[in-house]
Amino acid sequence: MPSADITILVVEDEPLVSMSIVAHLTDEGFRVLEAANADQAIAILERDPSVRLIFTDIDMPGSMDGLKLAAAVRDRWPPVHIIVTSGQRPVAADDLPDGSLFFAKPYQHAEITLSMRQMLG
Numbered sequence: 001m002p003s004a005d006i007t008i009l010v011v012e013d014e015p016l017v018s019m020s021i022v023a024h025l026t027d028e029g030f031r032v033l034e035a036a037n038a039d040q041a042i043a044i045l046e047r048d049p050s051v052r053l054i055f056t057d058i059d060m061p062g063s064m065d066g067l068k069l070a071a072a073v074r075d076r077w078p079p080v081h082i083i084v085t086s087g088q089r090p091v092a093a094d095d096l097p098d099g100s101l102f103f104a105k106p107y108q109h110a111e112i113t114l115s116m117r118q119m120l121g
């Protein structure tokens, strides 16, 4: 499946970090949507069923952090793949929904893209 047919939702409250990963994923051919917090992300997921993967930071403002968002996505949209990232704290695999991945910041864009392509098949 060509990348352009794959929609990724980036959930990141730091504008420069968001711009960087969104630009990279767009250059890689993905369709990319953006949210600055979990509330925006949930609203996007509710109206756009094409989202196949979310890439979310943990620490952000709003009603829930990235770990709670990941759990909510797993419960409501089980087919959506999840990658969680943080520059503030390490995360154990058992803190994540099954099948999810964690990357510490700063991460390598190429490593993120490779993991996304593997998750998405």
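Mapping the sequence shown onto the working numbering, position 62 (from 1) lands on 62, and the numbers just tick up by one.
All C-beta atoms in this analysis are idealised placements derived from N, C-alpha and C, irrespective of residue type, glycine included.
Item, Value
"At the level of alpha carbons, what is the spacing between A23 and D13?", "15 Å"
"Which word fits M60, buried or exposed, when buried means at least 16 other C-beta atoms lie within 10 angstroms of its C-beta?", "buried"
"What is the DSSP secondary structure of S50, counted as helix, strand or coil?", "coil"
"On a Cα-Cα basis, can you pick out the residue from P15, A38, Q108 that is closest to L67?", "A38"
"L120 and R31: beta carbons closer than 8 Å?", "no"
"Would you check if the distance between the CB atom of V84 and the CB atom of T56 is smaller than 8 Å?", "yes"
"Quickly, what does DSSP pair E34 with across the bridge? List them, please.", "V10"
"Whole-angstrom Cβ separation of F102 and L96, contact assumed at under 8 Å?", "6 Å"
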